[in-house]
Amino acid sequence: MSEPVLQERDSAIVRTSVIGIATNILLAVFKAMVGLLSNSIAIVLDAVNNLSDALSSVITIVGTKLANRPPDRKHPFGHGRTEYITTIVIAAIVTWAGVTSLTESVQRIIHPEVATYDGRTLAVVAVAVATKIVLGIYTKRRGEQFRSDSLVASGTDALMDSIISASTLVAALVYMAAGIGLEAWLGAVISVIIIKSGVDILREAISHILGERVDSGLSQGIKRTVERVPGVKGAYDLVLAEYGPDRLNGSVHVEVDEDMTAREVDELTRKIQKAVAEEHGILLHTVGIYSTNLNDEGEVGAIRAATLKLANDDMYVLQVHGFYADEEVRQVSFDLVISWDAPNRRAVLDHMVERLQEQFPDYSFRIALDSDISD
Numbered sequence: 321m322s323e324p325v326l327q328e329r330d331s332a333i334v335r336t337s338v339i340g341i342a343t344n345i346l347l348a349v350f351k352a353m354v355g356l357l358s359n360s361i362a363i364v365l366d367a368v369n370n371l372s373d374a375l376s377s378v379i380t381i382v383g384t385k386l387a388n389r390p391p392d393r394k395h396p397f398g399h400g401r402t403e404y405i406t407t408i409v410i411a412a413i414v415t416w417a418g419v420t421s422l423t424e425s426v427q428r429i430i431h432p433e434v435a436t437y438d439g440r441t442l443a444v445v446a447v448a449v450a451t452k453i454v455l456g457i458y459t460k461r462r463g464e465q466f467r468s469d470s471l472v473a474s475g476t477d478a479l480m481d482s483i484i485s486a487s488t489l490v491a492a493l494v495y496m497a498a499g500i501g502l503e504a505w506l507g508a509v510i511s512v513i514i515i516k517s518g519v520d521i522l523r524e525a526i527s528h529i530l531g532e533r534v535d536s537g538l539s540q541g542i543k544r545t546v547e548r549v550p551g552v553k554g555a556y557d558l559v560l561a562e563y564g565p566d567r568l569n570g571s572v573h574v575e576v577d578e579d580m581t582a583r584e585v586d587e588l589t590r591k592i593q594k595a596v597a598e599e600h601g602i603l604l605h606t607v608g609i610y611s612t613n614l615n616d617e618g619e620v621g622a623i624r625a626a627t628l629k630l631a632n633d634d635m636y637v638l639q640v641h642g643f644y645a646d647e648e649v650r651q652v653s654f655d656l657v658i659s660w661d662a663p664n665r666r667a668v669l670d671h672m673v674e675r676l677q678e679q680f681p682d683y684s685f686r687i688a689l690d691s692d693i694s695d
């Protein structure tokens, strides 16, 4: 992604986070006052949850600023992954808030206290519900628009908070109508939901740091772009490394005619890199080359056909690419993409070599075990 676009993204994240901070602080103040006056643990815990949401927005801003620092010698791919680290911090805060509130709720269940509600209490809670719904929808949409996991998590959390606040309102109405106190139990339920939210955010951040599979639409789009470049017979082995949201670079292999000169290959790779950068904002730092036979008839065609038939007959073989048969040295090379679902991927490859060797004993087969990295 280009620098101006990244700057626009970061500015949008900061603006959205500032709105979230202001809204959550106001809600926390009002809820805390109402909760203390009415002696409602559920409303007080809801106020604490608003404060944790505000703190999360502050951390989102800090993480965005740190992630936008330019590359340096020690971090040549930039600092974009800082956003995932700050997301982990947010997850820890949310989880801690949930554990703390759960402890307080359990104590209130063991040693119950009477809550008092009036019309003003219910009005504040109702306003809080409406505010959280608006804030949640706005924040989540902005997060999806600018691919910010932190904003999406904050928006989802706000929508969940609106449901929790609505439950608090229901509990108040039940108490006023029937005299049944559900505040402490509701506080426990809120706490469990908060803890789950923190764990989910943590799991998502760790998954990004570990490295996730490239989005199917993106990988197929990049390959189509590469294949439109004149001279490319096929695009394979697309590998993209994510160094933060929308900060991607990687490599790809392409099939070309075997008689291409080094100068022609150099020109082709530069065209590929330019096309992908312009259409997708992604740097392909490496373009690998597979040579393909100009003459695909006779013995070469027979070997290719047999290879494809064996591949089609095996449920675990997903693709054959980079096929090249050298009739002079009697050697065949290609890559075999084998599914992760195969009980023994090496055994699938060995079986392919064995069957081909039986059919074409005069040839040796050099088959590379390839992984199902991208669609």
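Just so it is clear: in the sequence shown, position 115 is 435 by this note's numbering, and no numbers are missing.
Ideal Cβ placement from N, Cα and C applies to all residues, glycine included.
* Quick one: which unbroken beta strand (DSSP E) runs of 3-plus residues sit fully inside the region 551-639? Chain order, please. => 554-562, 568-577 and 603-612
Per the DSSP calculation, L656 is bridged to which residue(s)? V640 and L689
Item to complete: Give me the Cα-Cα distance between V368 and A348, rounded to the nearest whole angstrom.
Response: 7 Å
- prompt: From which residue to which residue does the alpha helix (DSSP H) around Y683 run?
  reply: Premise fails: Y683 is in no alpha helix (DSSP H) and is neither H nor E.
Can you tell me where the alpha helix (DSSP H) with S421 in it begins and where it stops? T402 to I430
(request) Pull up the distance between the alpha-carbon of G290 and that of A342, whole angstroms please. (result) Residue 290 is absent from the structure shown; the chain starts at 321 and stops at 695.
Check: Under a three-way DSSP split, which group does D373 fall into?
Finding: helix
*From I542, G551 and N664, pick the residue whose C-alpha is nearest to that of Q604; which is it?*
It is Leu, not Gln, that sits at residue 604 in the sequence shown. The shortest Cα separation from L604 among I542, G551 and N664 belongs to I542.
Inset, instruction - Can you check DSSP and say which residues form a bridge with Q327? - result: Q327 pairs with nothing; no bridge assigned.
Worksheet entry | Closest by C-alpha distance to P663, when choosing among F685, V649, R675 and D634 | D634
request  = Within 10 angstroms of the Cβ of S511, are there 16 or more other Cβ atoms? Answer buried if so, exposed if not.
outcome  = buried
| query | What do you get for N615, buried or exposed, if any count of 16 or more other CB atoms within 10 angstroms of its CB means buried? | reply | exposed
- Could you have a look at A645 and say whether DSSP puts it in helix, strand or coil? strand
Is the separation between the beta-carbon of R467 and that of P390 shorter than 9 Å? no
Quiz item: Can you give the Cα-Cα distance for D520 and Y610, rounded to whole angstroms?
Solution: 42 Å
request  = Rank K553, I526, I693 and A595 by C-alpha distance to the C-alpha of Y404 and give the top, closest one.
outcome  = I526
Going by DSSP, what residue range makes up the alpha helix (DSSP H) through K543? S536 to E547
With DSSP as the reference, identify every bridge partner of Q465, one or two as the case may be.
According to DSSP, Q465 bridges with nothing at all.
Review point. How many Å lie between E575 and R401 at the Cα?
Key: 33 Å
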